[in-house]
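Undergrad:
Residue numbers (the working numbering): 706 to 1205.
1. Kindly indicate the opening and closing residues of the alpha helix (DSSP H) around residue 811.
2. What ranges does the beta strand (DSSP E) occupy inside the stretch 1109-1167, keeping only unbroken runs of at least 3 residues that lie completely in it?
3. Are the stretch 1158-1167 and the stretch 1072-1091 touching by the rule of at least three beta carbon pairs closer than 8 Å?
4. In chain order, which continuous runs of the alpha helix (DSSP H) of length 4 or greater are located wholly inside the stretch 963-1015?
5. Considering just the uninterrupted stretch of the alpha helix (DSSP H) at residue 853, what are its terminal residues?
6. Kindly indicate which residue of 933, 816, 1141, 994 has the alpha-carbon position closest to the one of residue 899.
7. For residue 1048, which three-state DSSP category applies?
8. Do residue 908 and residue 862 have their CB atoms nearer than 8 Å?
9. I need the straight-line Cα distance from residue 890 to residue 1107, nearest angstrom please.
10. Leaving out five residues on either side along the sequence, give the residues of the same chain with a beta carbon under 7 Å from the beta carbon of residue 1134.
11. Give me the Cβ distance between residue 1006 and residue 958, rounded to the nearest whole Å; I'm assuming they're in contact under 8 Å.
12. May I have the straight-line CA-CA distance separating residue 1100 from residue 1128, to the nearest angstrom?
13. Terminal residues of the continuous beta strand (DSSP E) containing residue 1035?
14. Between the stretch 1186-1202 and the stretch 1021-1033, can you find at least three pairs of beta-carbon atoms closer than 8 Å?
15. Can you give the beta carbon distance from residue 1064 to residue 994, rounded, assuming they're within the 8 Å contact cut?
16. When DSSP labels each residue in this structure, what does residue 909 get in the three-state scheme?
17. Whole angstroms is fine: what's the gap from residue 1097's alpha carbon to residue 1058's?
18. Would residue 1061 be called buried (16 or more neighbouring beta carbons within 10 Å of its own) or exposed?
19. Return the CA-CA distance between residue 1030 and residue 967, expressed in angstroms with no decimal places.
20. On the premise that residue 912 lies in contact with residue 854, defined as a C-beta separation below 8 Å, what is that separation, rounded to the nearest angstrom?
21. Which stretch, first to last residue, makes up the alpha helix (DSSP H) that contains residue 1084?
22. Checking 8 Å against the spacing of the C-beta atoms, do residue 813 and residue 800 come in under that value?
23. Since residue 830 is in the beta strand (DSSP E), which residue starts that stretch and which ends it?
24. Taking 8 Å as the cut-off, does the stretch 999-1017 touch the stretch 1175-1188 (at least 3 CB pairs, one atom from each stretch)?
25. Under 8 Å between the Cβ atoms of residue 923 and residue 1184?
26. Using three-state DSSP, classify residue 892 as helix, strand or coil.
27. Would you call the CB atoms of residue 989 and residue 981 closer than 8 Å?
28. Would you list the one or two residues that DSSP bridges to residue 920?
29. What is the rounded straight-line gap between the Cα of residue 1026 and the Cα of residue 947?
30. Where does residue 873 land, buried or exposed, given buried means 16+ other C-beta within 10 angstroms?
31. What does residue 1195 pair with, by DSSP beta-bridge criteria?
32. Pick from 1093, 1041, 839, 1187: whose alpha carbon is nearest that of residue 851?
33. Among the candidates 1068, 1200, 1117, whose CA atom is the shortest distance from the CA of residue 1142?
34. Within 8 Å of any Cβ in chain B, is that where the Cβ of residue 1151 sits?
35. According to DSSP, what are the bridge partners of residue 1057?
36. Measure the alpha-carbon distance for residue 881 versus residue 1132 and round it to whole angstroms.
What follows is the structure in structure tokens.
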């Protein structure tokens, strides 16, 4: 595989995952304005083993039919304005207070408009406006809490850091910085606003690296267990997977004894309802103060070692469907816990895999290039290639992916390395075939398969792969737990303004 591709492959590993608190995958200015910008070839994804979410993601980014995070927002905010149109005189009112900071109506509506433009550019159905506003507000709250934590931790992003990031984005999109500025202007965003948003993303990435990623370790015993459970036979079984749901009655650090007693009493009342057969997910949505309340309190399948310790101790001997016999206390407050599911993973690592040698041409979609126009352009280009135009030359000239300089070459890829839409289309091609235009979240592709082979996976390669899979799972679970704790410990006051 091309060295430049390998060097940046890791930065695209989140393309199949939208973990809790990372809705920026869909709302990022890079995605909204460049619609496919990435620091790696725009097809790479997590290995199949890591594609399963540690926590279910709902709302506008996975399940548009779900209820909003804050139902009180329904019917209280106006429909989006046209780009550049003036907002009403109410837009600067406060919609939420996050610790000592505020989120204004203008911020909420501007971000919601950005999300809607992104959805339209990618030809994705728009969710109900109220649902989207609730989800976007929660994302803004999460960002604000993280930014406050970064500031308290002394993390800073210099102007030079932002300059380098801008240059990198421009280079990866075959643009100069002036051309990038022009595209931003065409998309209705000022360069200063773009830099501010980019600075924020760098800040949050550094915070995550410091507080989560750098603290995750993978031990040889974990790799041994993982390989044993994938290999089957008489090898020792791997870890059980637990899917836990919670209802949190939060308690502030400064709470009085009376307030703590009232919170415990409320939690115990909810526990009795849950033990009596009440719908646990509904209880969580209606009563929980945790970030996962809109998901019915569900944390998602994960090994016991990657559950919060207080949860692990409570559920380790429980059966699926049981509610914990007692309220569990943590620094965030009092929890009612239910074990939804308990199982062992079943995916296996094959000793041999079929690899495909593939190359592609990408046209990115966005405000200045619709998916329909991109498909039409690539259909014409495909016709020229079928009649003799060299695919590699076409990729070098027309592709907007990081692989363009190498003629679109992605090298030999294994199952699970590429995003699903790309891989499915690739698997249907014979060597030498060129696909019809294929759309993914990055844009529209032409794909050519150059060859296929059976490749053995050596023991060292299996261990390296297992280490990567385990680390991704642990980092994601640790990040979600850390973000949930940040959110649960923050003081958030929702202020829903009246429409006149």
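Just so you know, even glycine gets a beta-carbon here, dropped at the ideal spot from N, CA and C.
TA: Taking the coordinates as given:
1. On the chain shown, position 106 is the one that residue 811 refers to. Residue 811 -> alpha helix (DSSP H) spans 810-826.
2. 1114-1118, 1143-1145, 1148-1161
3. no
4. 985-992
5. For the purposes of this step, residue 853 is taken as residue 148 along the chain shown, with counting starting at 1. Counting along the chain, the alpha helix (DSSP H) containing residue 853 begins and ends at 834-857.
6. For the purposes of this step, residue 899 is taken as the residue at position 194 of the chain shown. Answer by Cα proximity: 816.
7. Indexing the chain shown from 1 puts residue 1048 at position 343. Residue state, collapsed to three classes: strand.
8. As a working note, residue 908 is residue 203 in the chain shown. As a working note, residue 862 is residue 157 in the chain shown. Against a cut-off of 8 Å, the Cβ pair of residue 862 and residue 908 comes out as a contact.
9. If you number the chain shown from 1, residue 890 lands on position 185. If you number the chain shown from 1, residue 1107 lands on position 402. Taking the straight line joining both Cα atoms gives about 23 Å.
10. Here residue 1134 is taken as the residue at index 429 of the chain shown, counted from 1. These residues qualify, in order along the chain: 1140, 1152, 1154.
11. Here residue 1006 refers to the residue found at position 301 when the chain shown is read from its first residue. Here residue 958 refers to the residue found at position 253 when the chain shown is read from its first residue. Cβ atoms of residue 1006 and residue 958 stay farther apart than 8 Å, at about 31 Å.
12. On the chain shown, position 395 is the one that residue 1100 refers to. On the chain shown, position 423 is the one that residue 1128 refers to. So the two alpha carbons sit approximately 19 Å from each other.
13. Locating residue 1035 in the chain shown gives position 330, counting from the first residue. 1033-1035 is the span of the beta strand (DSSP E), which, as asked, contains residue 1035.
14. no
15. Numbered from its first residue, the chain shown carries residue 1064 at position 359. Numbered from its first residue, the chain shown carries residue 994 at position 289. 51 Å between Cβ atoms; not a contact.
16. To locate residue 909, count along the chain shown from 1; it is residue 204. In this structure, residue 909 counts as helix in the three-state DSSP scheme.
17. By one-based count along the chain shown, residue 1097 stands at place 392. By one-based count along the chain shown, residue 1058 stands at place 353. Cα to Cα, the separation comes out at about 26 Å.
18. If you number the chain shown from 1, residue 1061 lands on position 356. It is buried - the Cβ of residue 1061 has at least 16 other Cβ atoms within 10 Å.
19. Taking the first residue of the chain shown as 1, we reach residue 1030 at position 325. Taking the first residue of the chain shown as 1, we reach residue 967 at position 262. So the alpha carbons of these two residues sit roughly 19 Å apart.
20. Residue 854 sits at position 149 when you count from the first residue of the chain shown. Residue 912 sits at position 207 when you count from the first residue of the chain shown. Taking the Cβ atoms as the reference, residue 854 lies roughly 6 Å from residue 912, within the contact range of under 8 Å.
21. Sequence index remark: in the chain shown, residue 1084 carries index 379 (1-based). It spans 1076-1091 - the alpha helix (DSSP H) in which residue 1084 sits, taken as one unbroken run.
22. Position 108 of the chain shown, counting from 1, holds the residue named residue 813. Position 95 of the chain shown, counting from 1, holds the residue named residue 800. Residue 813 is a Cβ neighbour of residue 800, given a cutoff of 8 Å.
23. As a first step, residue 830 must be located in the chain shown, where it is residue number 125. It is not in any beta strand (DSSP E) - residue 830 carries neither H nor E in the DSSP assignment.
24. Taking 8 Å as the limit for Cβ pairs, the verdict is that the stretch 999-1017 does touch the stretch 1175-1188.
25. Here residue 923 corresponds to residue number 218 of the chain shown, with the count starting at 1. Here residue 1184 corresponds to residue number 479 of the chain shown, with the count starting at 1. No, they are not a contact pair.
26. Here residue 892 corresponds to residue number 187 of the chain shown, with the count starting at 1. Here DSSP, grouped into helix, strand and coil, assigns residue 892 to coil.
27. As a working mapping, residue 989 is identified with position 284 in the chain shown. As a working mapping, residue 981 is identified with position 276 in the chain shown. No, Cβ-Cβ distance for residue 989 and residue 981 is not below 8 Å.
28. Here residue 920 refers to the residue found at position 215 when the chain shown is read from its first residue. None; residue 920 has no bridge partner.
29. Position 321 of the chain shown, counting from 1, holds the residue named residue 1026. Position 242 of the chain shown, counting from 1, holds the residue named residue 947. Answer to the nearest angstrom: the Cα atoms are 11 Å apart.
30. Numbered from 1 along the chain shown, position 168 holds the residue referred to as residue 873. By the neighbour-count rule (16 or more Cβ atoms within 10 Å), residue 873 is not buried but exposed.
31. Translated into the one-based positions of the chain shown, residue 1195 becomes position 490. None; residue 1195 has no bridge partner.
32. Within the chain shown, residue 851 is the residue found at index 146, counting from 1. Checking every option, the nearest Cα to that of residue 851 belongs to 1187.
33. As a working note, residue 1142 is residue 437 in the chain shown. Answer by Cα proximity: 1068.
34. Note that chain B does not occur in the displayed structure, where there is just one protein chain.
35. Counted from its first residue, the chain shown places residue 1057 at position 352. DSSP lists 1161 as partners of residue 1057.
36. Sequence index remark: in the chain shown, residue 881 carries index 176 (1-based). Sequence index remark: in the chain shown, residue 1132 carries index 427 (1-based). Approximately 36 Å, taken between the alpha carbons.
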